[in-house]
Amino acid sequence: MGEFVLKMPDVGEGVAEAELVEWHVKPGDPVREDMVLAAVMTDKATVEIPSPVSGKVLWLGAEVGDTVAVKAPLVRIETAGDGGEPLPDSVPEALAEAVLEEPVAATPAPAKVTSPPKPQSPAPKPALAPRQMPDVSAKPLASPAVRLRAKESGIDLRQVIGRGPAGRITHDDLDLVISRGGEPLPPQTGLMRKTAVEEIKVTGLRRRIAEKMSLSTSRIPHITYVEEVDMTALEDLRATMNRDRKGEQPKLTILPFLMRALVKAVAELSGVNAIFDDHAGIIHRHAAVHIGIATQTPAGLTVPVVRHAEARSIWDCAGELNRLAEAARTGTATRDELTGSTITISSLGALGGIVSTPVINHPEVAIVGVNKLAVRPVWDGTQFVPRKIMNLSSSFDHRVIDGWDAATFVQRLKTLLETPALIFVEG
Amino acid sequence: MKEISCKLLVLGAGPGGYVSAIRAGQLGVDTVIVEKAKPGGTCLTVGCIPSKALIHAAEEFHKILAAASGKSPLGFAASSPAIDLKRTVAWKDGIVGRLVGGVSGLLKKAGVKAVIGEGRFIDGKTVDVETETGLQRIRAEAVVIATGSAPVELPDLPFGGNILSSTEALAMTEVPTSLAVIGGGYIGLELGTAFAKLGSKVTVLEALDRILPQYDADLSRPVMKRLGELDVDVFTRTVAKRLSADRHGLFAEENGRPFEVPAEKVLVTVGRRPVTEGWGLEEIDLDRSGRFIRIDDQCRTSMRGIFAIGDVTGEPMLAHRAMAQGEMVAEIVAGHKRSWDKRCIPAVCFTDPEIVSAGLSPEEARAAGIEVRIGQFPFQANGRAMTTLSEEGFVRVVARADNHLVLGIHAVGHAVSELSATFALAIEMGARLEDIAGTIHAHPTQSEALQEAAFKGLGHALHI
């Protein structure tokens, strides 16, 4: 019989440690080769760790929420060898033999009558089986006198809501039910105090988000600039393009237009498409525009990245966006697809809201937030006309981007979006 | 043949049976109780009561021995103490006699007719009793089987001669020079300790890997320590084989290693078995649960109108369980709505020091998937315990971590048996740690250790 120690595998380039987010096995479980043992999370991607061998889990090297270094022992697995019973059975067998080796003939050994030798190790629990009712807590909590009255009144205490300490059913609680002719109490209708506190361990993606948000807001002095954009022309264009799109082409939302507009705007104001390494004091201005798209998933916020938006057509942007959003929501996005953005778009527009204060995706220096598009009356000089108006709320790292530049960038975006033909002008 | 009929027939007048009969009588149920020997059963005549009398006598004598050997820390002196075990046993028999008489009186007062003789089922509603005056046939609407339990006999070491069950051990008129106790459960250790204090060389042989296996090691450790002080040899993983040729020794094997222990007498306490023979169980063919008669939460058996209570129905084989069942059955027969709803059956082990357990141990609670908080307070830090030379042991409270509901209370120490009432009460009432901590416990008493254990569980013990 052998023992296999599975060490934390290298789950991604440059990753030195990963957070354990889920165990699929516990000690004592049998495992087959390729069965998933655990899930770990690196910066953003979740990676499943399969078992390289078949056997039985002996030991787990970490608890959910622990950070495990690459190459640290993660699981010990007993691998099947050349027969032989597992250890637990051998001890009592030896004992039973000793009992049976009775030199005096005719009758069985005395010890057999006492009580059969029980397995001593390593599974001592069954030897101390509960003597009485195993789970006191599962029974209604009430004093004997209350229980007696309930029995005599034909009331099942499991149906009675106890309002005493720890949910204890008091005589008063019982009186209420009896006065209602034994009908269980309806759910409390009046206002009542609630004192329950639910404790939720912050692990996995939620911990990543918490760390990232703290880092960003504590390190980066944000300046947020809000401007309204008249989207009427762009919406007309979008409707036309969607109507005339060819079979393969995805339906366009506002986001692909905004992405293309971003590409145009950062070409002129390259300071906002950058990574600021504040330890080294260096700003990396990127020629490539890798646009992070803040995406809500069942587990929390993730930011899949549309790479090289500058080299993608609007249709291409829309297709990639759909693919990534789906991957993020189903948890199948890879680490590469979830890292490396140079600027980020956050869109809460569908939920309404006129202004937001987006938090910069550190170490980037700018984030553009999209607010709800609404038809509003606009004074055109002679009369009010209905226009489709949308706010952009954008935040910038004020250490490296001055208010003037931030405003210039947003105004440029506004111009591009209000005159969408400019988005498609070459050069 | 004489024939009578009644509403309720109770077969067996042990603590379960007589309580059932008295309660039924109180409720106006026409009741007959059948007992082959004396009312009181194992508990009163050969169990709880006589053993506690002997244990007390042994403890008192042992103190005088200590004084005589100049070891009394209280400065007592005594010379050549002696015990006349005949008189001790007579004193014990006097207590038993008073209690047996008392039970007879209580049955009479409750209007219960007692029939002495061996009862035997003819069918589910008819029992024949061999009385001194001839065969008595009793027809009943309902029957309670309360036939109890008997000591388990070893095939190689059958009771008789120097091989004693607890019954004979309690009737010895001389202290044996040496006593081998087979079985390290509570009965063997209680009696073994008593005889060690009376001057016997006691050896305990246990087949499992430790004594008192039903208690966790924290609770049994002080008992083990005290056995050592009393010069009692304890062998675990050891099986008894046979008497030596001169019948003054007992051969045993410890993990296959044979050896001999001194044994003028051999006390066999390897457990008790339900008495399911000799009273016609085969005529009514009730469902079993292992060796025991299977019952539901109203102590009903598989046959309509037949109830079973006490040791014949399973573990724990404790008199107070049987009494509670007997009371409940009487009330059911009288037409009341009742079912078994007890939250705990406290258990007391009258070793030195004593052990009390009520409710779940920490392991049991964890095994049930409950997160627990544990508070433990040692008698070392209890003033009253110091004044009685009883600093060994502790009180331990187990509570749910989330709402502090008390799940179990355990104690080991001198005279902790008297704390069992408050332990069980706390659990039955659904007390939380705060309830115990918020109750003033009189000073100076050992019961303060319970309050302190609750404080400890809440994280703020005062006296440690």
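Those protein sequence lines, which keep their order, are chains A and B. So the first sequence is numbered by our numbering: it starts at 61 and just counts up by one. So the second sequence is numbered by our numbering: it starts at 6 and just counts up by one. Just so you know, even glycine gets a beta-carbon here, dropped at the ideal spot from N, CA and C.
{"query": "Sub-9 angstroms separation of residue 439 (chain B) and residue 28 (chain B) beta-carbons", "result": "no"}
{"query": "At least three beta-carbon pairs within less than 8 angstroms, the region 256 to 273 of chain B to the region 240 to 248 of chain B", "result": "yes"}
{"query": "Contact with chain B by residue 254 (chain A), beta-carbon distance below 9 angstroms", "result": "no"}
{"query": "Assigned secondary structure, residue 282 (chain B) (DSSP; H/G/I helix, E/B strand, else coil)", "result": "coil"}
{"query": "Within chain A, partners of residue 316 (chain B) - CB distance below 9 angstroms", "result": "Going along chain A, no residue has its Cβ under 9 angstroms from residue 316 (chain B), so there is no contact; the nearest lies around 14 angstroms."}
{"query": "Rounded distance between the beta-carbons of residue 230 (chain A) and residue 240 (chain A), thought under 8 angstroms", "result": "That pair is no contact at about 16 angstroms."}
{"query": "Assigned secondary structure, residue 188 (chain B) (DSSP; H/G/I helix, E/B strand, else coil)", "result": "coil"}
{"query": "Residue range of the unbroken beta strand (DSSP E) whose run includes residue 360 (chain B)", "result": "359 to 364"}
{"query": "Buried or exposed (CB count within 10 angstroms, at least 16 for buried), residue 252 (chain A)", "result": "exposed"}
{"query": "Where residue 54 (chain B) falls, given that 16 or more other Cβ within 10 Å makes a residue buried", "result": "buried"}
{"query": "Spatial distance of residue 122 (chain B) from residue 211 (chain B) (CA atoms)", "result": "37 angstroms"}
{"query": "Same chain, Cβ closer than 6 angstroms to residue 484 (chain B), five either side skipped, listed in chain order", "result": "Outside the modelled stretch of chain B, which goes from 6 to 469, sits residue 484 (chain B), for which no answer is possible."}
{"query": "Nearest-angstrom beta carbon gap, residue 322 (chain A) and residue 353 (chain A) [assumed within contact, 8 angstroms]", "result": "Rounded, the Cβ-Cβ distance is 11 angstroms, inconsistent with contact."}
{"query": "Closest residue to residue 427 (chain A) among A:236, A:404, A:441, A:439 (Cα-Cα distance)", "result": "A:404"}
{"query": "Listed by chain order, chain A residues near residue 434 (chain B) by CB distance under 7 angstroms", "result": "203"}
{"query": "Against chain A: residues of the region 331 to 356 of chain B by CB proximity under 9 angstroms", "result": "341, 342, 343, 344, 346, 347, 348, 349, 350, 352"}
{"query": "Neighbour-count burial assignment, residue 333 (chain B), 16 or more Cβ in a 10 Å radius", "result": "buried"}
{"query": "Buried or exposed by the 16-neighbour rule on C-beta atoms within 10 Å, applied to residue 145 (chain B)", "result": "buried"}
{"query": "Cross-chain neighbours of residue 437 (chain B) in chain A, by beta carbon under 9 angstroms", "result": "225, 226, 228"}
{"query": "Residues that residue 207 (chain A) contacts on chain B, provided the C-beta gap is smaller than 7 angstroms", "result": "346"}
{"query": "Bridge partner(s) assigned by DSSP for residue 66 (chain A)", "result": "A:135"}
{"query": "Cross-strand partners of residue 448 (chain A) (DSSP beta bridge)", "result": "A:435"}
{"query": "Coil, strand or helix - residue 179 (chain B) by DSSP", "result": "coil"}
{"query": "Residues near residue 268 (chain A) in its chain [Cβ-Cβ closer than 6 angstroms; skip 5 each side]", "result": "none"}
{"query": "Where residue 212 (chain A) meets chain B, residues with beta-carbon distance less than 9 angstroms", "result": "341, 342, 343"}
{"query": "6 angstroms Cβ shell around residue 425 (chain B) - same chain, five flanking residues per side excluded", "result": "351, 353, 361"}
{"query": "Span separating the alpha-carbon of residue 174 (chain A) from that of residue 369 (chain B)", "result": "Residue confidence for residue 174 (chain A) is low, a pLDDT of 43 falling below 50, so the modelled location carries little weight; the figure read from the coordinates is stated next. Distance between the alpha carbons of residue 174 (chain A) and residue 369 (chain B) is about 24 angstroms."}
{"query": "Residue closest to residue 162 (chain B), alpha-carbon to alpha-carbon, out of B:187, B:38, B:153, B:148", "result": "B:187"}
{"query": "Counted within 10 angstroms of its Cβ, other Cβ atoms place residue 420 (chain A) as buried (16 or more) or exposed", "result": "buried"}
{"query": "Spatial distance of residue 90 (chain A) from residue 119 (chain A) (CA atoms)", "result": "12 angstroms"}
{"query": "C-alpha gap between residue 108 (chain A) and residue 100 (chain A), whole angstroms", "result": "6 angstroms"}
{"query": "Residue of A:386, A:288, A:346 minimising C-alpha distance to residue 330 (chain A)", "result": "A:346"}
{"query": "Endpoints, the beta strand (DSSP E) within which residue 285 (chain A) is located", "result": "282 to 290"}
{"query": "Residue 440 (chain B) at chain A interface by Cβ criterion, 9 angstroms", "result": "yes"}
{"query": "Identity of the residues DSSP links to residue 238 (chain B) by a beta bridge", "result": "B:208"}
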